[in-house]
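Just so we're aligned, residue 177 is where the sequence shown starts under the working numbering, counting upward by one. Where a beta carbon is used, it is the ideal one built from N, C-alpha and C, also for glycine.
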Amino acid sequence: MALSAKLHMRQTQSLVMTPQLLQSIRLLQYSHLELKAFVETEMERNPLIADADTAASDATTPESVDGPAGGTDETPGAESDHDALSGAASDGAAFESGFPGRDDGDDDRPAQSGPSSRGEARPVGADFSIENLADSRPSLHAHARGEVADALAPGLARKIGEAMVEFLDECGYLRLVPESFAADLGVAAAVVEAALAILQREATPPGLFARDLAECLTLQLQRKGRFDPVMRTVLAHLDLLARRDFAALRRLTGEDEAGLIEILAEIRRLDPKPGHAFDHEGLEAVIPDVIVTEAPDGGWQVELNPEALPRVLVDNAYLRTVRGGCLSDDDRAFIGECQQSANWLVRSLDQRAKTIVKVASEIVRRQDGFLAHGIKGLKPMTLMAVAEAIGMHESTVSRVTASKFVATPRGTFEMRFFFTVAIASAHGGDPHSAETVKHRIKALIDAESHGKVMSDDDIAATLNKEGVDLARRTVAKYREALGIASSIQRRREMNARRLAS
177 MALSAKLHMR QTQSLVMTPQ LLQSIRLLQY SHLELKAFVE TEMERNPLIA
227 DADTAASDAT TPESVDGPAG GTDETPGAES DHDALSGAAS DGAAFESGFP
277 GRDDGDDDRP AQSGPSSRGE ARPVGADFSI ENLADSRPSL HAHARGEVAD
327 ALAPGLARKI GEAMVEFLDE CGYLRLVPES FAADLGVAAA VVEAALAILQ
377 REATPPGLFA RDLAECLTLQ LQRKGRFDPV MRTVLAHLDL LARRDFAALR
427 RLTGEDEAGL IEILAEIRRL DPKPGHAFDH EGLEAVIPDV IVTEAPDGGW
477 QVELNPEALP RVLVDNAYLR TVRGGCLSDD DRAFIGECQQ SANWLVRSLD
527 QRAKTIVKVA SEIVRRQDGF LAHGIKGLKP MTLMAVAEAI GMHESTVSRV
577 TASKFVATPR GTFEMRFFFT VAIASAHGGD PHSAETVKHR IKALIDAESH
627 GKVMSDDDIA ATLNKEGVDL ARRTVAKYRE ALGIASSIQR RREMNARRLA
677 S
């Protein structure tokens with residue numbers, strides 16, 4: 177068969193997302209810090225985007241998020257530019273549909289400005305708060321540098337100590353290998369070891385500059401004069417002590433059980449994390465995106481937190497001033513592109529805010545029992561159920577609930593907290609929330625007493641009597657997720673406490 181090249185015309189239809197619409201969808205899943213960083217970046221490269229608070233202080237009246245300000249003249253052609261923003265009249269419907277076929281795994285989230293933890297520090301003097309009067313503790317690194325200056329003589333040893341300070345973690349442990357550290361500095365390993373030995377011996381609080389937990393406890397016991405061969409053996413086998421395996425410790429140390437209980441009590445009085453006595457940079461409070469308060473009629477009021485929502489507007493006054501001058505064709509094209517981008521950002525932020533409120537309102541409506549009665553009133557809920565109730569796609573609800581927080585009368589929670597797996601009822605009633613079952617498991621274990629420690633089978637049987645159909649292996653999985661030890665280890669812990677009392 178002869179092969180030849182031919183031309184064919186084919187007409188097809190496909191759904192294409194414009195860059196503006198794609199970025200609008202991505203705005204939904206940005207956290208507060210990510211959104212703030214994105215808006216700041218847009219303001220730097222677009223002269224027509226202005227901060228609403230700054231613009232208000234300058235007594236200007238440009239277009240805001242809530243619509244045109246009263247008395248503001250519309251720039252000719254602005255409405256047509258706004259309509260042609262993305263090239264499609266159904267952007268709003270597509271925005272809510274979520275585009276289930278698209279994979280957003282490679283989204284280009286903006287880099288967070290400032291600390292990596294969520295939240296934003298309030299500027300000093302901006303809004304007076306009683307919290308501003310609280311005494312602030314010194315930072316760990318500042319304190320450690322002071323200890324280095326006091327313990328080490330000026331010269332090479334002090335410079336080595338100052339370099340070590342940068343390797344302290346939040347617990348006060350020194351996370352480095354002396355040999356590699358010495359090689360990086362170009363000094364002998366013995367010099368580094370000597371400087372480290374001085375710091376460990378003289379720095380306060382005791383245990384600072386330790387390289388692990390055992391060394392931290394050893395340094396504190398040496399300061400007290402209580403580091404003997406028996407204590408050395410116990411610290412070398414902290415895993416046995418954590419499991420309360422006193423039989424193995426008796427064989428290793430030769431001590432009786434009463435002596436081991438005294439050693440355990442003494443170790444408990446030590447500080448395993450001396451660095452926690454100091455402030456750490458980057459620990460900021462979480463700023464909720466939505467605030468839920470009790471309404472006068474007995475219901476719940478859902479509103480956006482203004483501190484978590486960037487307020488931007490289009491500076492039409494500046495736009496008129498620029499267009500009134502002599503501009504080249506390239507300048508006019510640039511100004512038109514900036515106006516289009518600014519209008520899109522204002523509209524996208526407004527759509528994002530409305531979508532967050534819509535999803536949060538449905539969550540609050542479904543979880544009224546939790547807000548009224550606590551964790552025992554939490555109901556099973558899925559993303560699909562919320563999406564069907566508000567007429568959006570499941571992927572849109574998933575983006576909205578990602579990295580968002582809700583402040584309620586019972587505390588601040590991540591939106592994903594309210595979505596839990598349903599556990600069937602043992603007697604055919606309403607299903608139970610997984611978080612509620614976890615809370616019940618913890619309550620049963622907290623109520624244990626000496627001689628009445630419940631195994632996973634006992635907990636499963638108790639829950640079954642209460643109407644929760646749960647297998648033993650699921651109880652074990654939930655118990656481990658809560659960080660609760662097994663029944664054997666809990667029984668050993670109770671025996672140790674009884675002997676120590």
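query, result
"Measuring alpha carbon to alpha carbon, tell me which residue in D632, A636, D645, E642 is nearest Q665.", "D632"
"To the nearest angstrom, report how far apart L485 and E669 are at their CA atoms.", "49 Å"
"Kindly indicate which residue of L658, H608, A366, G587 has the alpha-carbon position closest to the one of V597.", "H608"
"Who are the Cβ neighbours of V562 in its own chain at under 6 Å, not counting the five residues just before and after it?", "E538, V573"
"Just checking, does the region 216-229 make contact with the region 507-519 on the three C-beta pairs under 8 Å criterion?", "yes"
"Since K618 contacts L658 with CB under 8 Å, what's their CB separation in whole angstroms?", "6 Å"
"Return the chain-ordered list of same chain residues with a C-beta closer than 8 Å to the C-beta of L495, the five sequence neighbours on each side being excluded.", "L224, T251, I511, Q515"
"Evaluate the contact criterion for the region 568-588 versus the region 625-644: three or more CB pairs, one atom per stretch, below 8 Å.", "no"
"Counting C-beta neighbours from all protein chains within 10 Å, is the total for E611 16 or more, i.e. buried, or is it exposed?", "buried"
"By the three-class DSSP mapping on this structure, what secondary structure does I660 have?", "coil"
"Tell me whether I467 sits in a helix, a strand or coil according to DSSP, three-state version.", "strand"
"Pull up the distance between the alpha-carbon of R420 and that of Q396, whole angstroms please.", "22 Å"
"Pull up the distance between the alpha-carbon of L620 and that of F594, whole angstroms please.", "23 Å"
"Look at the alpha carbon of V462 and the alpha carbon of R592, and state the distance between them as a whole number of angstroms.", "15 Å"
"Mind checking which residues open and close the alpha helix (DSSP H) that includes G322?", "316-327"
"Along the chain, where does the beta strand (DSSP E) that runs through Q205 open and close?", "Segment 195-205 is the alpha helix (DSSP H) holding Q205; no beta strand (DSSP E) there."
"So G337 and L375 are in contact, right, with Cβ under 8 Å, and what is the actual spacing, rounded?", "6 Å"
"Considering Cα atoms alone, identify which of P330, L525, G435, E624 is closest to H208.", "L525"
"What do you reckon, are the CB atoms on G322 and G451 nearer than 7 Å?", "no"
"Which term fits V353, buried or exposed, when burial requires 16 or more other beta carbons within 10 angstroms of its beta carbon?", "exposed"
"Using only alpha-carbon positions, find the residue among I566, V540, T497, H569 that is nearest to K555.", "V540"
"For F422 and R402, what's the separation of their Cα atoms in angstroms?", "20 Å"
"Tell me the residue span of the beta strand (DSSP E) that contains V692.", "Residue 692 lies beyond the range of the chain shown here (177 to 677); nothing can be said about it."
"Just the Cα atoms here: how many angstroms apart are I532 and L361?", "52 Å"
"To the nearest angstrom, how far is the alpha carbon of R523 from that of Q199?", "12 Å"
"Measure the C-alpha to C-alpha separation of G567 and R445 and round it to an integer number of angstroms.", "57 Å"
"Identify every run of the alpha helix (DSSP H) within the region 513-559, keeping only runs that are complete inside it and at least 4 residues long; order them along the chain.", "544-549"
"Would K580 and D447 be called neighbours here (beta carbons separated by less than 7 Å)?", "no"
"Please check the pair L414 and L425, which I expect to be a contact at CB under 8 Å, by giving their CB distance rounded to whole angstroms.", "That belief does not hold up - the Cβ atoms of L414 and L425 are roughly 10 Å apart, past 8 Å."
"Taking the beta carbon of E210 as the centre, do at least 16 other beta carbons fall within 10 Å, making it buried, or is it exposed?", "buried"
"Quick check: the Cα distance between E433 and L393, rounded to an integer number of angstroms?", "21 Å"
"Which residues bound the alpha helix (DSSP H) around E611?", "610-622"
"Just tell me which of L480, V613, A672 has its CA closest to the CA of S625.", "A672"
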